[in-house]
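Counting in the numbering used here, the sequence shown runs from 55 upward without gaps.
Since the structure comes first, as structure tokens, the remarks are kept for the end.
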Amino acid sequence: MKMKKTIILFILTFLILIFLSDSSIDIITNFVKIDGANYIYSLDGKNYKIPSLYVQRTEITNKDCTELLNWAFLQGYLEISNKDVYSTYQGKFLIYILEEKYSDITFSKNAFSCKKGKENYPAAGFTWYGAAAIANFLSMQLGFIPVYNLMQGSITPKGNGFRLPHAYEWEFFFRGGTKSNNYQYAGSNLLDEVGWFEKNSSKRVQPIMQKKSNELGIYDLSGNLWEWCYDMGISAGAIVKGGAYDSKESSCIYSAFAEFEPLESLANVGFRLVRTY
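Here it is as structure tokens:
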């Protein structure tokens, strides 16, 4: 009888892992392939060689993050303490706070779930470490070498998986890459056509892909949520780009940026992933 229960438990665990692996297909098919080129970064005026990239069409969603958190929890990479979620892979770092007003992901009975109706909203509230951890989890789930060494806050030399974009890469694909029409916002000179900001969002985050994409088929680069970049800024905070649902128009242009502490969980900050090819 004990052997039978063990076999059943093994089969159930195997099926769960298969389901979670299959669910990652939704994430990886949501990338667009863009060609690289040289680009002069607005912040420092330097000319950067942008590699060819796979770029997530949308900000990563609550559905995506819920699936990856469940996978990581099964691997033993997460610890939940009260309402705080910590990554324990490569050290212990706060990645998400449950039960905040803006938290659309919950945890109960050893599983994460997404609030009903919030599946296709961009995931807000992940810290910079959380965004980097999610990138590593997706990389490991799909058999790639993780890009980040979170203990050292550095990039793994042989990492070939998913990552946060550098701020200059982010600007490059915001502006349409090699297909750029030099729009002021991401895909238009009229912000209302392409982004959610303080004047049209009712001051709250909106579902993905409700506005026009830019020239590369990438959505919501102007507004909705600020997006974490890999780089640290002038004041030791991590750079965010793009503006958010509560931002003025001036924060939603390509050159605008803000900085937040890497361990901050914020209602108006999300992220999207890239991968070099």
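For every residue, glycine included, the Cβ atom is placed at its ideal position computed from N, Cα and C.
Distance CB(residue i)-CB(residue j) smaller than 8 Å
i, j, result
"Leu279", "Pro176", "yes"
"Tyr102", "Phe147", "no"
"Phe216", "Trp125", "no"
"Gly291", "Ala91", "no"
"Leu152", "Ala186", "no"
"Ile104", "Phe228", "no"
"Ile199", "Ser193", "yes"
"Gly287", "Glu313", "yes"
Reduced DSSP category for residue i - H, G, I as helix; E, B as strand; rest coil
i, result
"Thr115", "strand"
"Asn190", "helix"
"Gln195", "helix"
"Gly277", "strand"
"Leu132", "strand"
"Val248", "helix"
"Leu270", "coil"
"Glu315", "coil"
"Gly207", "coil"
Rounded C-alpha distance that separates residue i from residue j
i, j, result
"Ile293", "Asp98", "14 Å"
"Ile79", "Ala178", "Note that Ile79 scores a pLDDT of 49, beneath 50, so its modelled location is shaky; the value from the coordinates is reported in the next line. Cα-Cα distance, rounded: 22 Å."
"Val328", "Leu245", "24 Å"
"Ile262", "Gly249", "10 Å"
"Cys283", "Ser242", "23 Å"
"Asn30", "Lys212", "Here the chain comprises residues numbered 55 to 331, so residue 30 is not present and cannot be evaluated."
"Ile134", "Ile188", "16 Å"
"Asn236", "Phe251", "20 Å"
"Lys169", "Arg326", "20 Å"
"Tyr331", "Ser106", "6 Å"
"Phe311", "Ser276", "12 Å"
"Asn322", "Gly197", "31 Å"
"Tyr131", "Gly145", "10 Å"
"Lys266", "Ser96", "24 Å"
"Lys233", "Tyr308", "15 Å"
"Asp274", "Thr181", "20 Å"
Top-ranked residue by Cα proximity to residue i, from the options
i, options, result
"Gly171", "Gln260, Tyr202, Glu303, Lys87", "Gln260"
"Leu270", "Asn92, Thr112, Tyr93, Lys100", "Thr112"
"Gln238", "Asn214, Ser304, Ser289", "Ser304"
"Ile149", "Ser162, Ser167, Cys119, Leu128", "Cys119"
"Glu318", "Leu107, Gln129, Gly130, Asp138", "Asp138"
"Ile272", "Ile288, Gly296, Ser289", "Gly296"
"Lys117", "Ala298, Asn174, Gly324", "Asn174"
"Ile94", "Val109, Met194, Ala221", "Ala221"
"Thr160", "Ile114, Gln206, Asn136", "Asn136"
"Ser162", "Ser301, Ser141, Phe127", "Phe127"
"Ser256", "Trp224, Ile88, Lys302, Ile114", "Lys302"
Beta-bridge partners of residue i, as assigned by DSSP
i, result
"Tyr108", "Lys87, Arg329"
"Val201", "Paired residue(s): none; Val201 is not in a bridge."
Near the ligand FMN: residue i beta-carbon under 7 Å from a heavy atom
i, result
"Gly179", "Among the components modelled here there is no ligand, and therefore nothing to report on the ligand FMN."
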